[in-house]
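Novice:
Number of protein chains: 2
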Amino acid sequence: MVAVKRNTWQREAVREALDSRDGFVSAQGLHQGLRDAGSPIGLATVYRALADLATVGEADSLQSPEGESLYRACATTGHHHHLICRSCGLTVEIEATEVEQWAKRTASDHGFTEAQHIVDIFGLCHQCASAKA
Amino acid sequence: MVAVKRNTWQREAVREALDSRDGFVSAQGLHQGLRDAGSPIGLATVYRALADLATVGEADSLQSPEGESLYRACATTGHHHHLICRSCGLTVEIEATEVEQWAKRTASDHGFTEAQHIVDIFGLCHQCASAKA
DNA sequence: GTCGAATTGATAACCGTTATCATTACGAGT
DNA sequence: ACTCGTAATGATAACGGTTATCAATTCGAC
Ligand SMILES: [Mn+2]
Ligand SMILES: [Mn+2]
Ligand SMILES: [Zn+2]
Ligand SMILES: [Zn+2]
């Protein structure tokens, strides 16, 4: 009765392409990479696959400061946050128990329920900072 | 020598319209409100005025989870964050020294510089939570 | 009041994303 | 293995927010 998910080479291709990346990538960026590698996969399919991966929890997604949706296959399974280089995309996964509690406390202190928080840090990694000098 | 900003009724209208709002608003939402109030102001002008206000610091801006840019004339002048009701837009300004330090520490711990952080909490305010029941 | 330059606004262009829909191809059942 | 219903695909159009264009307007220094 439940939705049946079929196994297509396209889905697998997206999963692999995402795994092979270090940082966050946009759907278009990933699609371009796949095409460059010779894959004939369609753009719409990449969008769909990424959305599915995000829903299932196999991929993390966030919005760049410019409003573009970015995806990443994170090593950490549980809830966590990110420190991202806005130049090269290098990403560090971060667990911040401290912030989790602060968020929960802040929400309840003001009578808010069903609270979700967006916590991300964008900066320049050591390498990119050096290269810029 | 520096850029000269002219005083037009359009800019003032946007400022006032923004001040009269409680929560965050989109450029299109604010424009619609102005038109409804009888103003013939153009959409592009509203976008420009809001961008300017944000640059100068008279308005705060953030991106909704859906990727839309939202603006608000905040009471607090300094750096702060927000607790936003995703149903009615009610916004609470929050100072989180605790989080500020955590962000700074986290970035430097990993060799990141020029770090900026995005920290927002979206939830349901008491009133909206009640209404939903 | 003049006049050059900044601002405005109708409109087109842009860009990321989603919807459409004819075609393809999984995979459950046989 | 073969069929067959249906989910998945992909080229393309449509969508929604935002920005660029550019002729007309208007601010404000003189
Ligand atoms: Mn968290
Ligand atoms: Mn902060
Ligand atoms: Zn970097
Ligand atoms: Zn509310």
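Chains A and B are the protein sequences, given in the same order.
Okay, so the first sequence: first residue is 1 according to the numbering used here, each after it adds one.
Okay, so the second sequence: first residue is 1001 according to the numbering used here, each after it adds one.
Glycine residues also receive a C-beta, built at the ideal position from the N, C-alpha and C atoms.
Near ligand 3, which residues have their beta-carbon less than 5 Å from any of its heavy atoms, given in chain order?
Specialist: Qualifying residues, in the order they occur: A/Cys-85, A/Ser-87, A/Cys-88, A/Leu-90, A/Cys-125 and A/Cys-128.
Novice: Would you mind telling me which residues of chain B sit closer than 8 Å to A/Thr-106, beta carbon to beta carbon, in chain order?
Specialist: The answer, in chain order, is Leu-1083, Ile-1094, Ala-1096 and Ile-1121.
Novice: Hey, could you find the ends of the alpha helix (DSSP H) A/Gly-29 is sitting in?
Specialist: Looking at the DSSP string, the run of the alpha helix (DSSP H) that includes A/Gly-29 is 27-36.
Novice: Hey, is A/Ala-101's beta-carbon within less than 7 Å of any beta-carbon in chain B?
Specialist: In the sequence as presented, Ala is not what sits at residue 101 of chain A; that position holds Gln. Taking Cβ atoms only, chain B never reaches closer than 7 Å to A/Gln-101, which makes this a no.
Novice: Tell me which residue opens and which closes the beta strand (DSSP E) that A/Arg-72 is part of.
Specialist: Looking at the DSSP string, the run of the beta strand (DSSP E) that includes A/Arg-72 is 69-72.
Novice: Under 8 Å by Cβ, that's how I've got B/Gly-1067 and B/Phe-1024 pegged, so tell me the actual separation to the nearest angstrom.
Specialist: That belief does not hold up - the Cβ atoms of B/Gly-1067 and B/Phe-1024 are roughly 14 Å apart, past 8 Å.
Novice: Which same chain residues, not among the five before or five after B/His-1082, have their C-beta less than 6 Å away from its C-beta?
Specialist: So the qualifying residues of the chain are Thr-1091 and Asp-1120.
Novice: What residues from chain B crowd round A/Gln-116, counting only those whose CB sits closer than 9 Å?
Specialist: Here the neighbours are Pro-1065, Arg-1086, Ile-1121, Phe-1122 and Gly-1123.
Novice: Rounded to whole angstroms, what's the CA-CA distance from A/Val-56 to B/Arg-1086? Just pull it up for me.
Specialist: Spanning the two alpha carbons is a distance of roughly 23 Å.
Novice: As a quick exercise: from A/Val-4, A/Glu-93 and A/Val-14, pick the residue whose alpha carbon is nearest that of B/Ala-1110.
Specialist: Just to set this straight, residue 1110 of chain B is His in the shown sequence, not Ala. Out of A/Val-4, A/Glu-93 and A/Val-14, A/Glu-93 has the C-alpha closest to the C-alpha of B/His-1110.
Novice: Does any C-beta atom of chain B lie closer than 7 Å to the C-beta of A/Thr-8?
Specialist: So no, A/Thr-8 is outside the interface.
Novice: Which value, in whole angstroms, describes the spacing of the CA atoms of A/Glu-98 and B/Glu-1100?
Specialist: Between A/Glu-98 and B/Glu-1100, the C-alpha separation is close to 12 Å.
Novice: From B/Leu-1030 to B/Leu-1018, what distance separates their C-alpha atoms?
Specialist: Using only the alpha carbons, I get a separation of about 7 Å.
Novice: Check the Cβ of B/His-1110 against every Cβ in chain A and list those closer than 7 Å, keeping chain order.
Specialist: Going along chain A in sequence order, the residues near B/His-1110 (Cβ under 7 Å) are Leu-83 and Val-92.
Novice: Work out the CA separation of A/Gln-63 and B/Pro-1065 for me, nearest whole Å.
Specialist: So the two alpha carbons sit approximately 8 Å from each other.
Novice: Look at the alpha carbon of A/Glu-12 and the alpha carbon of A/Asp-36, and state the distance between them as a whole number of angstroms.
Specialist: Computed Cα separation, rounded: 17 Å.
Novice: For A/Thr-45, go through chain B and note every residue whose CB falls closer than 8 Å to its CB, in chain order.
Specialist: The premise fails here: A/Thr-45 is roughly 21 Å from chain B at the closest Cβ pair, so nothing lies under 8 Å.
Novice: Taking the CB atoms as reference points, tell me whether B/Leu-1053 and B/Ser-1026 lie closer together than 7 Å.
Specialist: Cβ distance not < 7 Å, so B/Leu-1053 and B/Ser-1026 don't count as in contact.
Novice: Shortest alpha-carbon distance to A/Cys-128 belongs to which of B/Glu-1114, B/Ala-1129 and B/Gln-1032?
Specialist: It is B/Glu-1114.
Novice: What does the alpha-carbon distance come out to for the pair A/His-80 and B/Val-1014?
Specialist: Going by the C-alpha atoms only, they are around 38 Å apart.
Novice: Are any of the Cβ atoms in chain B nearer than 7 Å to that of A/Thr-55?
Specialist: Not closer than 7 Å to any Cβ of chain B, the Cβ of A/Thr-55 fails to qualify, so no.
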